[in-house]
Amino acid sequence: MPIRIILIVLILIGNNVPSAFANTPAHSTVLITDPVTIIAAVAGALTVMGKVAKQIEAWFTGKPEKPSSPVTAEQQSGSILVKENGQIIETITSDELNSLDQRSKMLIRALSKSIDNTYVIWAAVYPYRNDSSDPIVNAKTNKQLNEIANNMCSDLTRLLDYIEGLGKKMPTDYTSVHRVCEEVASRQGS
(Lines of atoms letter the chains of each structure in order from A and count residues from 1; the text may use other names and numbers.)
(Lines give C-alpha, C1' and ligand atoms only; values in the text may rest on other atoms or scores of the structure.)
Protein backbone atom coordinates (compact mmCIF):
# COMPACT_ATOMS: atom_id res chain seq x y z
CA MET A 1 0.00 0.00 0.00
CA PRO A 2 2.66 2.65 0.89
CA ILE A 3 4.51 2.18 -2.42
CA ARG A 4 1.30 2.93 -4.34
CA ILE A 5 0.80 6.05 -2.25
CA ILE A 6 4.32 7.24 -3.01
CA LEU A 7 3.79 6.72 -6.73
CA ILE A 8 0.50 8.61 -6.63
CA VAL A 9 2.11 11.45 -4.68
CA LEU A 10 5.01 11.64 -7.13
CA ILE A 11 2.60 11.78 -10.06
CA LEU A 12 0.61 14.53 -8.36
CA ILE A 13 3.76 16.52 -7.61
CA GLY A 14 4.94 16.11 -11.19
CA ASN A 15 1.60 17.28 -12.57
CA ASN A 16 1.35 20.19 -10.18
CA VAL A 17 4.23 22.35 -11.41
CA PRO A 18 3.62 25.94 -10.30
CA SER A 19 3.09 28.38 -13.16
CA ALA A 20 6.12 30.38 -12.00
CA PHE A 21 8.29 27.44 -13.12
CA ALA A 22 6.43 26.44 -16.28
CA ASN A 23 8.07 27.47 -19.56
CA THR A 24 10.46 29.81 -17.78
CA PRO A 25 13.84 30.35 -19.47
CA ALA A 26 16.79 29.40 -17.28
CA HIS A 27 18.06 33.00 -17.24
CA SER A 28 14.70 34.40 -16.06
CA THR A 29 14.70 34.12 -12.26
CA VAL A 30 12.58 37.13 -11.39
CA LEU A 31 9.40 35.09 -10.92
CA ILE A 32 10.90 32.63 -8.47
CA THR A 33 13.11 35.00 -6.49
CA ASP A 34 10.91 38.01 -5.82
CA PRO A 35 10.68 38.98 -2.11
CA VAL A 36 7.10 37.74 -1.66
CA THR A 37 7.97 34.32 -3.09
CA ILE A 38 11.12 34.03 -0.97
CA ILE A 39 9.28 35.07 2.22
CA ALA A 40 6.57 32.49 1.47
CA ALA A 41 9.23 29.85 0.75
CA VAL A 42 11.08 30.44 4.03
CA ALA A 43 7.86 30.64 6.08
CA GLY A 44 6.61 27.41 4.49
CA ALA A 45 9.88 25.60 5.14
CA LEU A 46 9.95 26.74 8.77
CA THR A 47 6.38 25.52 9.20
CA VAL A 48 7.29 22.12 7.77
CA MET A 49 10.39 22.07 9.98
CA GLY A 50 8.22 22.55 13.06
CA LYS A 51 5.88 19.71 12.03
CA VAL A 52 8.30 17.14 10.74
CA ALA A 53 11.10 17.32 13.31
CA LYS A 54 8.83 15.92 16.02
CA GLN A 55 7.48 13.22 13.70
CA ILE A 56 10.97 12.16 12.62
CA GLU A 57 12.14 12.08 16.23
CA ALA A 58 9.10 10.02 17.33
CA TRP A 59 9.54 7.61 14.43
CA PHE A 60 13.29 7.33 15.02
CA THR A 61 13.10 6.77 18.78
CA GLY A 62 9.86 4.78 18.80
CA LYS A 63 8.49 7.13 21.47
CA PRO A 64 5.20 9.01 21.20
CA GLU A 65 5.25 12.28 19.30
CA LYS A 66 5.80 15.29 21.55
CA PRO A 67 2.98 17.81 21.88
CA SER A 68 2.66 20.68 19.45
CA SER A 69 5.40 23.22 19.55
CA PRO A 70 4.86 26.64 21.10
CA VAL A 71 6.99 27.90 18.18
CA THR A 72 5.40 29.18 14.98
CA ALA A 73 6.58 30.96 11.84
CA GLU A 74 3.94 33.37 10.59
CA GLN A 75 4.07 35.30 7.35
CA GLN A 76 2.85 38.83 8.02
CA SER A 77 3.18 42.08 6.05
CA GLY A 78 6.25 41.04 4.07
CA SER A 79 8.00 39.51 7.07
CA ILE A 80 8.25 36.21 8.86
CA LEU A 81 7.58 36.42 12.56
CA VAL A 82 9.08 33.54 14.50
CA LYS A 83 7.12 33.28 17.73
CA GLU A 84 7.50 31.20 20.85
CA ASN A 85 4.49 31.05 23.17
CA GLY A 86 3.00 33.94 21.21
CA GLN A 87 6.03 36.22 21.70
CA ILE A 88 8.08 37.34 18.69
CA ILE A 89 11.63 36.04 19.12
CA GLU A 90 12.95 36.68 15.59
CA THR A 91 11.86 38.58 12.51
CA ILE A 92 13.01 37.93 8.97
CA THR A 93 12.07 40.78 6.64
CA SER A 94 11.57 40.80 2.90
CA ASP A 95 14.22 43.56 2.71
CA GLU A 96 16.76 41.22 4.33
CA LEU A 97 15.93 38.44 1.90
CA ASN A 98 15.69 40.81 -1.06
CA SER A 99 19.25 42.01 -0.37
CA LEU A 100 20.55 38.51 -1.08
CA ASP A 101 22.09 37.76 -4.46
CA GLN A 102 20.02 35.88 -7.04
CA ARG A 103 21.85 32.58 -6.46
CA SER A 104 21.08 32.71 -2.74
CA LYS A 105 17.42 33.42 -3.46
CA MET A 106 17.32 30.55 -5.93
CA LEU A 107 18.95 28.24 -3.37
CA ILE A 108 16.38 29.19 -0.72
CA ARG A 109 13.53 28.65 -3.18
CA ALA A 110 14.95 25.31 -4.36
CA LEU A 111 15.47 24.03 -0.80
CA SER A 112 11.98 25.14 0.18
CA LYS A 113 10.39 23.45 -2.83
CA SER A 114 12.35 20.26 -2.16
CA ILE A 115 11.30 20.33 1.52
CA ASP A 116 7.65 20.77 0.50
CA ASN A 117 7.78 17.93 -2.03
CA THR A 118 9.56 15.57 0.34
CA TYR A 119 7.15 16.43 3.15
CA VAL A 120 4.19 15.46 0.93
CA ILE A 121 5.79 12.04 0.44
CA TRP A 122 6.64 11.75 4.16
CA ALA A 123 3.05 12.63 5.13
CA ALA A 124 1.73 9.97 2.74
CA VAL A 125 4.01 7.17 4.01
CA TYR A 126 4.34 8.01 7.74
CA PRO A 127 0.85 6.83 8.79
CA TYR A 128 1.63 3.35 7.39
CA ARG A 129 4.92 2.87 9.27
CA ASN A 130 3.74 -0.17 11.26
CA ASP A 131 0.40 -0.78 9.60
CA SER A 132 1.01 -4.24 8.17
CA SER A 133 0.86 -7.58 9.91
CA ASP A 134 3.77 -8.56 7.65
CA PRO A 135 7.09 -7.54 9.29
CA ILE A 136 8.80 -7.45 5.89
CA VAL A 137 6.32 -4.84 4.62
CA ASN A 138 6.86 -2.82 7.80
CA ALA A 139 10.64 -3.07 7.38
CA LYS A 140 10.37 -1.82 3.78
CA THR A 141 8.13 1.06 4.86
CA ASN A 142 10.59 1.99 7.61
CA LYS A 143 13.45 1.85 5.13
CA GLN A 144 11.51 4.21 2.85
CA LEU A 145 10.86 6.54 5.78
CA ASN A 146 14.56 6.52 6.63
CA GLU A 147 15.47 7.50 3.07
CA ILE A 148 12.77 10.18 2.95
CA ALA A 149 13.83 11.53 6.36
CA ASN A 150 17.47 11.61 5.30
CA ASN A 151 16.64 13.58 2.14
CA MET A 152 14.40 16.00 4.00
CA CYS A 153 16.94 16.42 6.79
CA SER A 154 19.62 17.37 4.30
CA ASP A 155 17.45 20.19 2.93
CA LEU A 156 16.13 21.28 6.34
CA THR A 157 19.60 21.57 7.88
CA ARG A 158 20.98 23.40 4.83
CA LEU A 159 18.16 25.94 4.98
CA LEU A 160 18.41 26.31 8.76
CA ASP A 161 22.19 26.80 8.51
CA TYR A 162 21.64 29.41 5.79
CA ILE A 163 19.10 31.33 7.88
CA GLU A 164 21.34 31.19 10.94
CA GLY A 165 24.23 32.34 8.73
CA LEU A 166 22.24 35.51 8.08
CA GLY A 167 22.50 36.21 11.81
CA LYS A 168 19.02 34.95 12.66
CA LYS A 169 18.68 33.07 15.93
CA MET A 170 16.25 30.21 15.59
CA PRO A 171 14.42 28.69 18.58
CA THR A 172 15.44 25.35 20.07
CA ASP A 173 12.46 23.59 18.48
CA TYR A 174 13.96 24.40 15.07
CA THR A 175 17.60 23.88 15.94
CA SER A 176 16.76 20.44 17.34
CA VAL A 177 16.42 19.50 13.67
CA HIS A 178 20.23 19.27 13.62
CA ARG A 179 20.29 16.66 16.39
CA VAL A 180 17.41 14.64 14.98
CA CYS A 181 18.88 14.72 11.49
CA GLU A 182 22.32 13.66 12.72
CA GLU A 183 20.66 10.61 14.29
CA VAL A 184 18.85 9.84 11.03
CA ALA A 185 22.09 10.21 9.05
CA SER A 186 23.91 7.85 11.43
CA ARG A 187 21.14 5.28 10.94
CA GLN A 188 21.41 5.71 7.16
CA GLY A 189 25.13 4.97 7.38
CA SER A 190 24.62 1.77 9.40
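Heads up: the sequence shown begins at 866 in the working numbering, then just goes up one per residue. Each residue gets a CB set at the ideal place from its N, CA and C atoms; glycine is no exception. From a predicted model like this one, the values you see are computed outputs, not experimental measurements.
Checklist entry - Leaving out five residues before and five after Ser959 in sequence, what residues of the same chain have Cβ atoms less than 8 Å from its Cβ? => result Pro900, Val901, Ile903, Ile904, Gly943 and Ser944
Item to check | Asn1015 versus Lys928: straight-line alpha-carbon distance, rounded | outcome: 19 Å
Checklist entry - What runs of the beta strand (DSSP E), each 3 residues or longer, lie entirely inside the segment 1014–1038? => result none
Checklist entry - Can you name, in chain order, every residue of its own chain whose Cβ lies under 7 Å from the Cβ of Cys1046, other than the five neighbours on each side? => result Cys1018, Leu1021 and Thr1022
Checklist entry - What do you reckon, are the CB atoms on Ser1041 and Ala918 nearer than 8 Å? => result yes
Next on the checklist: The alpha helix (DSSP H) that contains Glu961, what's its start and end?
Outcome noted: Ser959 to Asn963
Checklist entry - Within 10 angstroms of its Cβ, does Pro935 collect 16 or more other Cβ (buried), or is it exposed? => result exposed
Checklist entry - With DSSP run on the structure shown, which of helix, strand or coil describes Val874? => result With a pLDDT of only 46 at Val874, under the threshold of 50, the placement of this residue in the model should not be trusted, and no figure is reported.
Next on the checklist: If you follow the beta strand (DSSP E) that Glu939 is in, where does it begin and where does it stop?
Outcome noted: Val936 to Gln941
Checklist entry - Quick one, are the C-beta atoms of Trp924 and Tyr991 less than 8 Å apart? => result yes
Checklist entry - Does the distance from the CB of Ile1013 to the CB of Trp987 come in under 8 Å? => result yes
Checklist entry - Helix, strand or coil: which one does DSSP assign to Glu930? => result coil
Next on the checklist: Excluding the 5 residues flanking Val895 on each side, which residues of the same chain have their C-beta closer than 8 Å to its C-beta?
Outcome noted: At Val895 the pLDDT is 44, less than 50, meaning the model places this residue with poor confidence and gives no usable figure here.
Item to check | Start and end residues, beta strand (DSSP E) containing Ser1077 | outcome: Not covered by the structure: residue 1077. The range shown for the chain is 866 to 1055.
Next on the checklist: Rounded to the nearest angstrom, what separates Glu939 and Lys948 at their Cα positions?
Outcome noted: 8 Å
Checklist entry - Buried or exposed: where does Ala910 fall if 16 or more other Cβ atoms within 10 Å of its Cβ makes it buried? => result buried
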